[in-house]
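In what follows, a structure is listed as structure tokens, so that the remarks can point back to it.
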Amino acid sequence: MDTTDHSPDAALAAALPFSRYAQRLLDSEPAQKNVLLKTLQFPLQKVEMQTFLASYVKHITDEKTLHSVLRNLRKQTLLRLFIRDINGQADLYEVMRCMTELAEVTINFALQYHENWMTQPDRFGLPRGEHSHNIQHLLVVAMGKLGGGELNVSSDVDLIFIYPEEGETDGAKPISNHEFFARLGRKLIASLNDFTVDGYVFRVDMRLRPHGENSPLAISFPMLEEYFIKQGREWERHAWIKGRIIASHADAETQSILMEKIVRPFVFRKYLDFNAYASMRSLHAQLRKEVERREMHDNIKLGPGGIREIEFITQVFQLIRGGRDVDLCIRPTLSVLQRLRNKQQLPEHAITELIDAYHFLRKLEHRLQYLDDQQTQTLPLNPDDQQLIASSMGFRSYADFMHQLNIHRRDVTRHFELIFAAPKKSHTHDTLAYLWQTKAQDTSKTEAAASQLSTMGFTEPEKVSERLRLFYQSTFYHQLPEFNRQQINTLVPLLIEAVAKLPPVETTLERMLQLLEKISAQTSYLALLLEHPHTLQRAAELASISQWASDYLGRHPILMDELLRRDVPHPEPDWAALNHDLMYQLNHVNNPKNDVIEWQMDVLRHFQHAQVFRLLVTDLEGSLLLETLSDHLTALADLILDNVLKLAWAGLKKRHRETPAFAIIGYGKLGGKELGYASDLDMIFLYQDDHPDAAEIYTKLGQSINAWLTRHTSAGLLYETDLRLRPNGATGLLVNSMEAFAQYQHEQAWVWEHQALTRARFVVGDPHAGKVFENTRKEILCNTRDVIQLKQEILKMREKMLDVHPNPTALFDIKHDRGGIIDVEFIVQYLVLGYACQYPQLTGNIGNIALLKLAGELGLISTNTAEQVRSAYREFRRIQHRLRLNDDADMTGNALNDGQTQKFARVDGSHLKNDRTAVLALWEGVFGQK
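For the sequence shown, position 801 matches number 802 in the working numbering, and the numbering has no gaps at all.
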């Protein structure tokens with residue numbers, strides 16, 4: 002309800018009918034009213050609570066006085082919060098914040114006193130670590146709604162007591178740290194929980210601690226870690242999402258980091274944990290049974306469509322994705338819902354309905370508890386109380402109120418059931434089950450399975466049956482845990498249904514079985530395919546088009562998450578926005594505080610793989626030109642290099658300036674903006690800095706950059722690199738000054754190095770250093786050269802390349818054979834080196850296709866021939882690209898099944914005769930030889 006008159010007296014009069022607790026309190030303690038009326042207009046802040054307690058410091062000499070002061074603070078807090086809430090002066094966030102801060106302030110205040118009393122030298126003294134000898138403190142871990150910063154007005158507080166290290170106290174009566182912290186914990190509980198003449202502060206629930214209520218009251222970090230590793234249960238992962246240390250002693254931050262190191266790997270898996278669906282379904286089923294048993298259907302927290310179901314929804318996404326996306330490693334339910342909205346993990350309308358329901362249910366929960374200061378979430382049966390609740394919620398009648406409540410509960414239930422619906426088996430499951438029952442000899446079942454395969458569109462069902470039997474008889478299958486095998490047994494009929502519509506079905510099936518074999522040890526990804534069958538269908542569609550796509554999925558199964566969003570076309574990449582997102586992840590406040598470099602390396606790899614995969618999907622859908630694809634892949638590499646340079650520089654122990662005067666120069670496909678999916682990066686490192694230690698510092702920077710790119714982590718690698726195009730090649734310095742580079746290019750470089758320079762460009766780094774490089778490059782390329790000698794040098798190099806890549810077959814090697822891609826590239830390089838002195842515009846980094854057009858416009862070659870060769874070059878690259886996508890080899894050069902390595906793109910060249918002829922004609926026109 003929201004009254005129009007917010008004067009303190011009017012607000013108090015309007016609210017009092019809705020709380021018998023407040024009426025009793027003001028009747029028994031009239032002085033509370035004066036305090037209340039003076040402060041009612043203002044939200045209660047944490048500092049005000051601390052000031053109130055501090056004013057009694059001189060009077061607190063025993064536990065009785067301590068308990069009285071703490072309880073008086075609670076009474077003042079609850080009174081002011083109740084009046085403000087009922088009158089619409091305080092929103093839900095203020096109520097939750099205020100109650101959370103009351104708990105934090107009172108716990109820390111009581112803990113401080115008990116710790117001080119117990120650690121006096123004539124008593125137990127200070128607890129010290131057995132190994133560190135440092136003073137130890139009790140760490141109070143807030144769980145549940147206190148941990149989430151969303152405590153309700155009559156809530157209990159879920160706590161766990163932890164201490165860092167075993168050891169002994171150093172006082173007159175030494176005891177073990179274990180015993181000391183157990184005693185201290187009991188004292189703290191009594192200060193909060195015990196009911197005195199002044200009431201209580203908070204009921205304390207310690208049952209969430211490892212091993213539950215029959216276990217030690219306080220445990221050490223090593224005990225907690227061992228428990229998580231050996232005995233931690235699935236429901237405890239949910240509970241510990243909210244866990245946080247609320248103690249405020251000097252080393253609390255350090256201890257929080259140590260606890261995070263133990264807790265985070267237990268709660269948040271490094272991979273996407275889709276098994277969370279099944280565990281949450283099981284937990285919810287137990288809850289529903291309890292609700293049925295205790296007839297709790299009117300419980301707005303635990304009953305159908307209640308607060309707990311909203312919490313389950315947020316937690317399942319956190320458990321699935323929190324290990325990969327630290328943005329979801331947060332505690333408040335409403336904040337998680339907002340982030341799920343931003344990440345489009347749930348539809349907009351679903352998030353809106355869940356947020357609205359949560360606000361309504363929490364507001365109702367507080368009004369139920371205001372009545373008598375009882376921890377209740379059950380709707381009243383008493384008609385008078387029903388009317389009070391309806392009025393306080395802003396409804397004229399209880400019926401109107403119940404109508405709105407039921408709308409919210411139905412919304413929550415609907416979304417819950419959509420998210421947690423159990424996966425369905427294929428309708429062909431039982432018929433095809435024979436395929437993995439390898440010992441069965443029932444001919445009728447064999448025929449039924451073959452008939453089913455035939456009906457589904459398989460032209461050779463016997464061959465398919467045999468392949469599936471081999472799959473189930475394989476060593477890898479029999480070595481899998483039973484749970485994994487059950488998942489696969491359920492998946493295969495679904496897989497068969499998916500590939501039946503994707504010719505050539507036998508090829509698609511083979512690729513999908515290979516994919517299944519690669520991910521079979523990871524139950525989470527099997528669970529993903531079972532929970533989201535449309536993802537299996539989309540994976541099969543990609544596999545039917547491209548062997549490389551299915552191989553890429555097998556190497557990085559986490560990318561199947563990219564297929565979850567059904568019927569959502571990937572938009573054109575917005576690299577500025579994507580770079581912002583990447584930097585946000587790399588520098589997130591929730592980043593792990595230990596092993597941060599390894600974590601950032603994984604973030605970079607996951608990001609790069611995801612962007613490559615999105616481009617791949619768009620490419621395979623036929624909606625991306627090859628030149629556009631190469632531009633995007635190059636933009637991605639530039640983005641990654643920019644971030645790696647910053648991270649590597651920040652990681653150097655010795656730095657002499659804010660930003661490095663350093664440039665990464667791209668050569669080859671990186672320089673020419675023609676990167677493919679698995680291209681390596683041809684680079685050199687240059688610097689423009691006269692500091693005496695510059696060479697040493699920038700060499701370490703170059704080494705670090707290369708390590709960031711090429712190190713294999715659990716997420717794979719970023720890029721292979723080739724640094725051999727630097728001055729003096731592999732034997733030369735890793736990093737060169739700009740002056741040394743210019744001198745080398747002018748005085749020592751071979752013609753082929755100048756050829757390579759035609760495709761070079763400044764990629765990332767210091768803009769001034771980049772400008773110096775571009776000026777040097779242009780100067781080198783614009784040198785006047787003897788074109789006769791230049792031709793001879795280039796022809797010699799072309800002959801060497803032909804000798805290195807002989808083609809013994811009758812097929813046309815699109816890249817290496819005469820009339821192919823390398824001929825076009827050599828022609829362009831010759832035209833740049835030979836004529837840039839007359840036409841400096843030839844030094845522009847615009848790519849081979851544009852340079853051919855420019856050469857035609859400048860009259861260096863005929864415009865007609867230029868256009869024919871431009872068309873041929875495009876076609877050669879397109880075919881090369883498609884061959885690599887559909888070849889049975891890995892594009893990175895991994896071995897084929899027969900142990901050979903695929904290095905060549907060779908085809909029947911009959912349909913390319915005109916293209917090849919055009920290139921050879923231009924070659925003859927330029928170099929004067931066929």
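Backbone N, C-alpha and C define an ideal beta-carbon position, used for all residues, glycine too.
LEU139 and PHE110 do not touch by the CB rule: their CB atoms are close to 14 Å apart, not below 8 Å. By DSSP's assignment, SER177 forms a beta bridge with GLU169.
Collapsing the DSSP output to three states places SER216 in coil. DSSP, read as helix, strand or coil, puts SER398 in coil.
For HIS533, the closest alpha carbon among the candidates ALA422, GLN601, THR844 is that of ALA422. Bounds of the alpha helix (DSSP H) holding ARG871 are 864-887. Excluding its 5 nearest sequence neighbours in each direction, LEU634 has C-beta neighbours in its own chain below 6 Å: LEU676, listed in chain order. Within its own chain, the residues whose Cβ lies closer than 8 Å to the Cβ of THR377, once the five positions on either side in sequence are excluded, are SER155, LEU369, GLN370, listed in chain order. Taking C-beta separations shorter than 7 Å and ignoring five residues to either side along the sequence, the partners of SER455 in its chain run PRO462, following chain order. From the listed residues GLY717, ALA664, ARG512, ASP552, the smallest Cα separation to TRP600 is found for GLY717. The three-state secondary structure of ASP159, taken from DSSP, is strand. Taking a C-beta distance under 8 Å as the contact criterion, ARG245 and ARG332 qualify as a contact pair. Distance between LYS701 and GLN746, taken at the CA atoms: about 24 Å. A direct Cα-to-Cα measurement between ILE321 and PHE269 gives close to 8 Å. Closest option to PHE125, judged by alpha-carbon separation, among SER133, GLU131, GLU116: GLU116. Taking the Cβ atoms as the reference, ILE823 lies roughly 10 Å from PHE877, outside the contact range of under 8 Å.
Shown here for ARG325: same chain residues with a beta carbon closer than 8 Å to its own, the five before and five after excluded, namely LYS271, TYR272, LEU273, ILE559, HIS607 in chain order. Under the three-pair Cβ rule at 8 Å, the region 738-754 does not count as touching the region 667-683.
Annotation: ASP909 is outside any beta strand (DSSP E) and is labelled neither H nor E by DSSP.
Per DSSP, reduced to three states, the secondary structure at ASP690 is coil, with no helix or strand assignment. DSSP places MET802 in the helix class (H, G or I) of the three-state scheme.
When the beta-carbon positions are compared, LEU653 and SER705 come within less than 8 Å of each other. Boundaries for ALA522: no alpha helix (DSSP H) harbours it, and the DSSP string shows neither H nor E there.
For VAL202, the secondary structure class from DSSP, reduced to helix, strand or coil, is coil.
Cβ neighbours of ILE356 within its own chain (closer than 7 Å, five residues either side excluded): LEU335, LEU338. Of the candidates THR759, PRO807, LEU803, GLU102, THR759 places its Cα closest to the Cα of VAL829.
For HIS285, the closest alpha carbon among the candidates PHE275, VAL264, ILE311 is that of ILE311. The beta-bridge partner set that DSSP reports for PRO128 consists of THR170.
A distance below 8 Å separates the beta carbons of GLY145 and LYS243. Non-local C-beta neighbours of ARG762 in its own chain, meaning closer than 6 Å and more than five positions away in sequence, comprise GLY667, GLY672, ASN846, ordered along the chain. When rounded, the separation of the alpha-carbon atoms in ASP681 and ARG129 is 55 Å. Collapsing the DSSP output to three states places PHE269 in coil.
When the alpha-carbon of VAL142 is set against those of GLU180, LEU225, ASN215, LEU80, the nearest one is in LEU225. The Cβ atoms of ASP639 and VAL764 lie closer than 8 Å to each other.
Shown here for ASN595: same chain residues with a beta carbon closer than 6 Å to its own, the five before and five after excluded, namely LYS262 in chain order.
Judged by their CB atoms, THR197 and HIS350 are not nearer to each other than the 8 Å cut-off.
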